[in-house]
Each structure stands twice: as structure tokens, then as C-alpha cells.
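Enquirer: Handing you this structure, nothing more for now.
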Amino acid sequence: MRGEYDLVIIGGSYTARYAAGMAAQRKIRVALVEPNNVKIQPFSLGEIYQAYQNLPSLADRPSVAEQYRGDTITLDKSERLRQPQRKRSPKESEFLHYYQRVNNFLESEFDLPELSQLGVDVIIGRGAFQKLPQLAFVIDKRILRSQRYLLAPELISVLPEIPGLEESSYTIPADLVSDLKNNLEINLENSQESLAQSWIVMGNPYVGVEMSQLLRNLGKTVTLVSPKPRLLPQEEPEANALIQGAIEAAGIRLLTHSPVTLIRYLEGKSWIQAGDQAIEAEKLLLCPRQIPQTTGLNLAAAGVEVNRHGLVVNQYLQTTNSHIYACSDQNGLGAYQGAIALKNALILPIFPVNYHHQPRIISTQPLFAQIGSTEQEARQRYGKQVITLREYVKNQPLAQMQGDTTGFCQLIIHSNGRILGGTIVGTHAREIISLIAFAMRAGLKVDHLAKLPETNGSLLQRTAAQGLTNKSKFYEIWQELKQRFRG
Numbered sequence: 014m015r016g017e018y019d020l021v022i023i024g025g026s027y028t029a030r031y032a033a034g035m036a037a038q039r040k041i042r043v044a045l046v047e048p049n050n051v052k053i054q055p056f057s058l059g060e061i062y063q064a065y066q067n068l069p070s071l072a073d074r075p076s077v078a079e080q081y082r083g084d085t086i087t088l089d090k091s092e093r094l095r096q097p098q099r100k101r102s103p104k105e106s107e108f109l110h111y112y113q114r115v116n117n118f119l120e121s122e123f124d125l126p127e128l129s130q131l132g133v134d135v136i137i138g139r140g141a142f143q144k145l146p147q148l149a150f151v152i153d154k155r156i157l158r159s160q161r162y163l164l165a166p167e168l169i170s171v172l173p174e175i176p177g178l179e180e181s182s183y184t185i186p187a188d189l190v191s192d193l194k195n196n197l198e199i200n201l202e203n204s205q206e207s208l209a210q211s212w213i214v215m216g217n218p219y220v221g222v223e224m225s226q227l228l229r230n231l232g233k234t235v236t237l238v239s240p241k242p243r244l245l246p247q248e249e250p251e252a253n254a255l256i257q258g259a260i261e262a263a264g265i266r267l268l269t270h271s272p273v274t275l276i277r278y279l280e281g282k283s284w285i286q287a288g289d290q291a292i293e294a295e296k297l298l299l300c301p302r303q304i305p306q307t308t309g310l311n312l313a314a315a316g317v318e319v320n321r322h323g324l325v326v327n328q329y330l331q332t333t334n335s336h337i338y339a340c341s342d343q344n345g346l347g348a349y350q351g352a353i354a355l356k357n358a359l360i361l362p363i364f365p366v367n368y369h370h371q372p373r374i375i376s377t378q379p380l381f382a383q384i385g386s387t388e389q390e391a392r393q394r395y396g397k398q399v400i401t402l403r404e405y406v407k408n409q410p411l412a413q414m415q416g417d418t419t420g421f422c423q424l425i426i427h428s429n430g431r432i433l434g435g436t437i438v439g440t441h442a443r444e445i446i447s448l449i450a451f452a453m454r455a456g457l458k459v460d461h462l463a464k465l466p467e468t469n470g471s472l473l474q475r476t477a478a479q480g481l482t483n484k485s486k487f488y489e490i491w492q493e494l495k496q497r498f499r500g
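Just so you know, we're using the working numbering here: the sequence shown kicks off at 14 and counts up by one.
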């Protein structure tokens, strides 16, 4: 029996709205069910702060109070010099206003009124699956029937099991913006800051690095705690060393090999036992792992299995019910998963996900990007057939001229020239990893990257060119051996 819709999306995330917009553009009958007052976060706080840091100097701009109250005041430099001199607002306020303006713009990309205009039936509220004569999603006594369903709910935090955590006072990254907004107008007038001065950051190491660097740049005292000997143990050792060095050089106290075994909130301060050290700070920033919010959806009635990591899916993003697909905002893969799930749901489940060709970008300082296999992973699979090519940013003339010499580019290739993976640390990591991703998806070999024009980024081109140099050396040795054999 044909359903009322071609697709019903159970949302609450940016991925859900992205998928709904794509479906509507294909003239698909689609309904989007979304909880009331859900907060859509297209980019992480760390990503937005990194963009903020790359802006030109704020020194010659009007004060925040002048520039943003009403968004109408614009004064040229000469006129501002004639104005009464005011005490400049703190960095927190500058960043918060930038965040608000950027986030408002990003949220408008797929806001609910726009989706409605595209033809999406937007339904606000919470519902659940019911196994009636046929499977349906029911919300406020309204029965939504469809041939296919897509689960893309909001994410919720999963707290680690640490004694004292639930009784203590802690903040999660999403709460930082709320903390910044508290009494903002009063703080602007008095040139005071709203955030606490000292922080302990713990949890997800990737989010933890971003948040600790953000807080430090806002002038806070920060201690970053990691239970592992290396902060980013799954990444290339040299990349991890560079990022750890940048963290410590910024004045952040880094404690590795220090699992947190106890948390207390005493006399208005957070206190933790990390390894063999006791640490206290005004605030504890917890960066927990996140999973999709599935409580109340009655997934058991739909035959959808859930485990501690979230929804169980196969390579086509089908759940244990083949008519229900799932994707999420986890790990920055939402848009990619949404596009794959949509194709499989609306056409046929023949499009598998391939995370090997999907880059990961972490908004650290310096920027970190990785794709495919690390050197260790590649050698475990291919052994001596793996070749590692590496070039440092400091060796590039343009980097020397700009005074930005931190970082490197590393390519992992097979002896036949196939690109197995890459790691980039540095200012242009985002652009370079995109080129590597394109080459890997297109099946191009390292020789093609070596022939890139210098204008496309000499760092990548020079890294890949080392493969040609190695090949020419092997060719010379082979020719010499042949000559000796003939002689």
C-alpha cells in the first residue's frame, strides 16, 4: 500500500533539515518531524572561533556596543576619533557577537519556513512509531505513513561513569554560548567578563583541544586532562606532537596519562583527581561523547535496534528494519551520511558509505586534517609496499614570507602510486585535504598530484613530487643493475 509520503524524516538535527531540503528539491513528498525549540548547530563552536581568529584585526573597528546595537551604526575612522573614548569591551563580547551573527546566517540556510516553502511538510512535536495494521509514525494522533523513514534526531550527551560527576557542577561545550550571553549587556557597560577565569577541560580529546584553545585565547587559565599517554593517540605521532606542543606553547597546562577517578564540587569550585594529581578550577568543561536521542520513539515496535553507540546500521545506513534509515551529526559526517541515506531510501539501497575517502577536519590551532589510512594502519595491511612522503611548511617560500611556518603535509602511498591516506597540519589543511579527497575518490595516483601547478598549493605538490624523485632513484638503480648483469 502506497504511503501518504515518500519519506518521513524524524529530525531535530542539521542533518535532518539538510536531507529534507535535498528531498524537497527532488520534488519528493516529504514530512519533517522536529521537536519544539530545537537548537540547530551546523558548525562547532571551535570551527566558528577559528574563522573569527582569521578575521582582520579588530583594532580599527567600532566598539562592539556601537557596532552591533541595532546593527545600524557605522562610523569611519576619522569620525570615531572625534567620539568620546570608551573602554573597549572584552574579547568574550567581541566573539559572542560574531558568533551570534554567523550562527544566525548559518541557521537560515535550512530554516523551517524556507523548508516549508520548498514543499516540506514541517510538523513540530514529538511522536513515536506504532505497529498498527502497518508501520506508521504517530504524532498528536496524526498518523504519518510512508514507504521509507529516515532517523536523524538531535544528539544527547552520554556522561562518563566517574564518581561524583552527577553531583558536581559542570559545563558542556553547547553551554559556553549561554554562559557568554549571561548578563552580556551589563558586562558590556562595565567592561567585565562573564566566563569564569580558571577551567579544567576533559572528555573527547578532539573537542577538548578545540575548547581549551578557545578558552585560552579568551584569556582564561586552562588545564586539559587526557587519560591516554598521547592526546590524540589515533593520529600520526608527528601530528600529535605538533598539536601538543602548540597547546603547551599557548600556556595551557596539559596532563596526559591522567585518568579522572573522582570529581567534587567544593566551596564554589570544581575539584578532580586526575592520575596522581588533585586539580581545582572555577569551572569544569566536560566534552562527553554524543549519541542520537532515541528515547520515546518506540523503536522496538519498528524493529530498530539500538546499542550503546546509538542506532545500529549497515553499510547502506539501513537500520535493522530495512525500511528505516538513520544518520546523525556525529563526527561531522552528517551531510555526507544524509546524502547517502537519501539516495538509498529513495532509489535502491545500493550506495554504501565509504568513510575511507571522507576527510576529518579538527579546528585545532594549527588546523588538523586527515583522510584514509595512517602510516601504521597502511603498514599493517600492505607491509613494505607502503611509502611515506612528507614535506614541511617551513620549507615553503610563501610560508617563510608570511611568517607562518608551523605544520607539514604527509601522504601515505602504495608502491604502485595509489594514495592510501594523508595528514596535514597547518593553515591550509582544509584546502589541501579536499584536493587529496578528490584524488582518492577519482582513483588518481600520486603522480597526478605531483603535476599540480604551484598555484594549487606548493606544499601538496612538493610532497607528491617526492614520489617521482623516489621512482627516478629506483629507475637509476634498476638500470645500473641491468648494466652490471649484462656486463
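Every residue gets a Cβ at the ideal spot worked out from N, C-alpha and C, and that includes glycine.
1) For my contact list, residue 388 and residue 293 are in at a C-beta cut-off of 8 Å; report their separation, rounded to the angstrom.
2) Considering only residues of the stretch 374 to 413, which uninterrupted alpha helix (DSSP H) runs meet the minimum length of 4 residues and lie entirely inside it, listed in chain order?
3) Assess contact between the stretch 324 to 331 and the stretch 359 to 374, defined as three or more Cβ pairs (one per stretch) separated by less than 8 Å. Is contact present?
4) Thinking just about the alpha-carbon of each residue, which of 48, 269, 191 is nearest to the one in residue 246?
5) At what residues does the beta strand (DSSP E) containing residue 51 begin and finish?
6) Which runs of the beta strand (DSSP E), 3 residues or longer, sit entirely within the stretch 169 to 251?
7) Would you call residue 357 buried or exposed, if buried means 16 or more other Cβ atoms sit within 10 Å of its Cβ?
8) Taking one C-beta from the stretch 278 to 287 and one from the stretch 304 to 317 each time, how about it: are there three or more such pairs within less than 8 Å?
9) Go ahead and pull the three-state DSSP assignment for residue 349.
10) So, at 7 Å on beta carbons, what are the nonlocal neighbours of residue 27 in its own chain, with the 5 sequence-adjacent residues on each side left out?
11) Less than 8 Å between C-beta atoms, sequence neighbours within five positions excluded: which residues of the same chain meet that for residue 128?
12) Buried or exposed: residue 423, going by 16 or more other Cβ atoms within 10 Å of its Cβ?
13) Which partner residues of residue 305 appear in the DSSP bridge assignment?
14) By how many angstroms is the C-alpha of residue 164 removed from the C-alpha of residue 337?
15) Between the stretch 363 to 378 and the stretch 394 to 403, are three or more C-beta pairs nearer than 8 Å?
16) Could you check whether residue 301 and residue 159 sit closer than 7 Å to each other, using their CB atoms as the reference points?
17) Quick check: what's the CA-CA separation for residue 459 versus residue 420?
18) Can you tell me whether residue 116 is helix, strand or coil according to DSSP?
19) Just checking, does the stretch 250 to 263 make contact with the stretch 436 to 449 on the three C-beta pairs under 8 Å criterion?
20) What do you reckon, are the CB atoms on residue 219 and residue 375 nearer than 7 Å?
21) Check residue 441 in the structure and name its three-state DSSP category.
22) With DSSP run on the structure shown, which of helix, strand or coil describes residue 155?
23) With distances taken between CB atoms, is the gap from residue 138 to residue 276 smaller than 7 Å?
24) Are residue 434 and residue 384 close, meaning C-beta to C-beta below 7 Å?
25) Using only alpha-carbon positions, find the residue among 140, 226, 58 that is nearest to residue 116.
26) Helix, strand or coil for residue 323, going by three-state DSSP, please let me know.
27) Tell me whether residue 110 is buried or exposed, calling it buried when 16 or more other Cβ atoms sit within 10 Å of its Cβ.
28) Taking all protein chains shown into account, decide if residue 167 is buried (16 or more other Cβ within 10 angstroms of its Cβ) or exposed.
29) Buried or exposed for residue 191, please, with buried defined as at least 16 other CB atoms from any protein chain shown within 10 angstroms of its CB.
30) To the nearest angstrom, how far is the alpha carbon of residue 393 from that of residue 432?
31) Out of 386, 105, 265, 340, which one is the CA nearest neighbour of residue 226?
32) Is the Cβ-Cβ distance between residue 39 and residue 18 less than 7 Å?
33) Where does the unbroken beta strand (DSSP E) through residue 427 begin, and where does it stop?
34) Terminal residues of the continuous alpha helix (DSSP H) containing residue 61?
35) Which term fits residue 407, buried or exposed, when burial requires 16 or more other beta carbons within 10 angstroms of its beta carbon?
36) Tell me the residue span of the alpha helix (DSSP H) that contains residue 127.
Expert: With the given structure in hand:
1) Here residue 388 corresponds to residue number 375 of the sequence shown, with the count starting at 1. Here residue 293 corresponds to residue number 280 of the sequence shown, with the count starting at 1. In fact, because the Cβ distance is near 40 Å, the residues do not count as touching under 8 Å.
2) 388 to 395
3) yes
4) The residue given as residue 246 occupies position 233 in the sequence shown. The shortest C-alpha separation from residue 246 is found at 269.
5) Reading the sequence shown from its first residue, position 38 is the one you call residue 51. Residue 51 -> no beta strand (DSSP E), and no H or E assigned at all.
6) 211 to 216, 234 to 238
7) Taking the sequence shown and counting its residues from 1, one reaches residue 357 at position 344. By the neighbour-count rule (16 or more Cβ atoms within 10 Å), residue 357 is buried.
8) no
9) Counting from 1 along the sequence shown, the entry for residue 349 is found at position 336. It is helical.
10) On the sequence shown, position 14 is the one that residue 27 refers to. Once the five neighbours on either side are set aside, the close Cβ partners of residue 27 are 53, 54, 55, 342, 347.
11) Translated into the one-based positions of the sequence shown, residue 128 becomes position 115. Closer than 8 Å at Cβ, skipping near neighbours: 30, 33, 34, 37, 45, 135.
12) Residue 423 sits at position 410 when you count from the first residue of the sequence shown. It is buried - the Cβ of residue 423 has at least 16 other Cβ atoms within 10 Å.
13) As a working note, residue 305 is residue 292 in the sequence shown. Partner(s): 168.
14) Sequence index remark: in the sequence shown, residue 337 carries index 324 (1-based). Sequence index remark: in the sequence shown, residue 164 carries index 151 (1-based). Whole-angstrom Cα-Cα distance: 7 Å.
15) no
16) Here residue 159 is taken as the residue at index 146 of the sequence shown, counted from 1. Here residue 301 is taken as the residue at index 288 of the sequence shown, counted from 1. Not in contact: residue 159 and residue 301 (Cβ atoms no closer than 7 Å).
17) The residue labelled residue 459 in the question sits at position 446 within the sequence shown. The residue labelled residue 420 in the question sits at position 407 within the sequence shown. Using only the alpha carbons, I get a separation of about 21 Å.
18) Here residue 116 is taken as the residue at index 103 of the sequence shown, counted from 1. Helix at residue 116.
19) yes
20) Indexing the sequence shown from 1 puts residue 219 at position 206. Indexing the sequence shown from 1 puts residue 375 at position 362. Contact: yes.
21) Counting from 1 along the sequence shown, the entry for residue 441 is found at position 428. Correct three-state label for residue 441: coil.
22) Reading the sequence shown from its first residue, position 142 is the one you call residue 155. Strand at residue 155.
23) Taking the first residue of the sequence shown as 1, we reach residue 138 at position 125. Taking the first residue of the sequence shown as 1, we reach residue 276 at position 263. Cβ atoms of residue 138 and residue 276: not closer than 7 Å.
24) Here residue 434 is taken as the residue at index 421 of the sequence shown, counted from 1. Here residue 384 is taken as the residue at index 371 of the sequence shown, counted from 1. Yes, the Cβ-Cβ distance between residue 434 and residue 384 is below 7 Å.
25) The residue labelled residue 116 in the question sits at position 103 within the sequence shown. The candidate whose alpha carbon is nearest that of residue 116 is 58.
26) Along the sequence shown, one-based indexing puts residue 323 at 310. Of the three classes helix, strand and coil, the one that applies to residue 323 here is strand, per DSSP.
27) Position 97 of the sequence shown, counted from the start, is the residue given in the question as residue 110. The residue is buried, with at least 16 neighbouring Cβ atoms inside 10 Å.
28) In the sequence shown, the residue the question calls residue 167 occupies position 154. Counting Cβ neighbours within 10 Å, residue 167 comes out buried, since at least 16 surround it.
29) Looking up residue 191 in the sequence shown gives position 178. Result: exposed.
30) Taking the sequence shown and counting its residues from 1, the one referred to as residue 393 is at position 380. Taking the sequence shown and counting its residues from 1, the one referred to as residue 432 is at position 419. Rounded to whole angstroms, residue 393 to residue 432 spans 16 Å at the Cα level.
31) The sequence position of residue 226 within the sequence shown is 213, counting from 1. Closest by alpha carbon: 265.
32) One-based indexing of the sequence shown puts residue 39 at position 26. One-based indexing of the sequence shown puts residue 18 at position 5. No, the pair does not count as a contact, with Cβ atoms beyond the cut-off.
33) Numbered from 1 along the sequence shown, position 414 holds the residue referred to as residue 427. Start and end: 421 to 427.
34) The count along the sequence shown starts at 1 and reaches residue 61 at position 48. Element bounds for residue 61: 58 to 66.
35) Numbered from its first residue, the sequence shown carries residue 407 at position 394. So residue 407 counts as exposed.
36) Against the sequence shown, residue 127 aligns to sequence position 114. Counting along the chain, the alpha helix (DSSP H) containing residue 127 begins and ends at 125 to 131.
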